[in-house]
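Student: Below you will find the structure I want to go over with you.
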Amino acid sequence: MNVSFSPTICEDFLKNLGSNADYEILRQAAERMGVPSLEENACTAVTNIVSIKQPAKSIDIGCGIGVSSLAVLKGYPNTNLTAVDGNLERGLFFQNYFRDYKNVSYYQMRGEQFLKTTDEKYDFAFIDTVKREYSGIWQLLRPRLNKNACVIFDDILIYGYVMCQECETPYKYQSNRREVLNFIYEIFEDATLNTQLIPVNGGMLCISLK
C-alpha cells in the first residue's frame, strides 16, 4: 500500500503520541483570551534545542501569556529568562503565572524598544512577534548575542505564503511575504551564521552564530 506523506499528517501523528499536561493551564487561558500560543510540536522543538544549548541567559520576545517561555524553562530550568511583550492583558497573566519563578523577568514593551534599552547579552532567543519586524529585531538583537548563541524566529513561513509566488498570495499578506522572504535570504546568505529552516507548524528559522 502506498501512503502519501504530508506535513499535516506528520504533525497530527506526533501530536497524538502524547500531550503535555504542563501546558494545559496556559492553553486553556489562551483559548479564553483569544490569543495565539505556541503549538505543542513547536514547544517540543524549542525545549529540545534549549536542553542541548543549556543557555545561561535567554530572552523570549513576544512571549504572550507564556507558552514559549515555559518551553524554554522546560529545556533548561536554570536559565535566566527575560520575557518581553507589549500587551497589558497578556502581561498581567504572564506575571501571575510565573510569579514563583525567581529566574524569570518580565518587561511590558515592544521587542525593539527593549533591545534598544538593554545592555544584557543572551545565549538563546525565541522571537514570535509581528513578522515584518523580524529583520529590525535581528539587527538590534545580534549585538546582544554571546558567542555560539542560538536564535529561533517562529512562524517564519507565514501560512506557507513565502513558498508561493506573490500572485498566489492574498493581498493582505503580500507585503509581509516580501519582507520576510528578504529576511530569510539575508540570513541564509550570511556566511557567519549556521541557519536551518525547521518545518514544524508555521516554520522555525533557527540561527546559530559560528
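Going from the sequence shown to the numbering used here is simple: count from 1 and add 133. Using N, Cα and C, we set each Cβ at its ideal position, and we do this for glycine too. Computed from a predicted model, the values in this text were never measured in an experiment.
1. Would Leu342 pass as a contact of Ala282 if the rule is Cβ separation under 8 Å?
2. Whether or not the stretch 222-234 and the stretch 194-210 are in contact is what I'm after, with contact meaning three or more pairs of Cβ atoms, one per stretch, closer than 8 Å; do they touch?
3. Roughly how far, in whole angstroms, is the beta-carbon of Asp256 from the beta-carbon of Ser191, given that I think they are within contact range, below 8 Å?
4. Please report the straight-line C-alpha distance between Gly336 and Asn236, rounded to a whole angstrom.
5. Does the count of Cβ pairs from the stretch 171-178 and the stretch 228-244 closer than 8 Å reach three?
6. Return the Cβ separation of Lys254 and Leu278 in integer angstroms, given the expectation that the two are a contact with Cβ distance under 8 Å.
7. Taking only the alpha-carbon atoms, compute the straight-line gap between Tyr267 and Phe286 and give it to the nearest angstrom.
8. Using only the alpha-carbon positions, how far apart do Ala163 and Glu157 sit?
9. Output the boundary residues of the alpha helix (DSSP H) element that contains Tyr380.
10. Are the CB atoms of Ile340 and Val284 within a distance shorter than 8 Å?
11. Between which two residues does the beta strand (DSSP E) holding Met166 run?
Tutor: Taking the structure as given:
1. Yes, these two residues count as a Cβ contact at 8 Å.
2. Contact holds: three or more Cβ-Cβ distances are below 8 Å.
3. Contact holds; Cβ gap of about 7 Å.
4. In this structure, the CA atom of Gly336 is about 29 Å from the CA atom of Asn236.
5. Verdict: no, contact absent.
6. Distance from Lys254 to Leu278 at the Cβ level is roughly 7 Å; contact confirmed, criterion being Cβ atoms closer than 8 Å.
7. The alpha-carbon atoms of Tyr267 and Phe286 are separated by roughly 8 Å.
8. Taking the straight line joining both Cα atoms gives about 10 Å.
9. Past the edges of the chain, shown from 134 to 343, lies residue 380, and the structure says nothing about it.
10. The answer is yes: Cβ separation under 8 Å.
11. Annotation: Met166 is outside any beta strand (DSSP E); the continuous alpha helix (DSSP H) that includes it extends over Glu157 to Met166.
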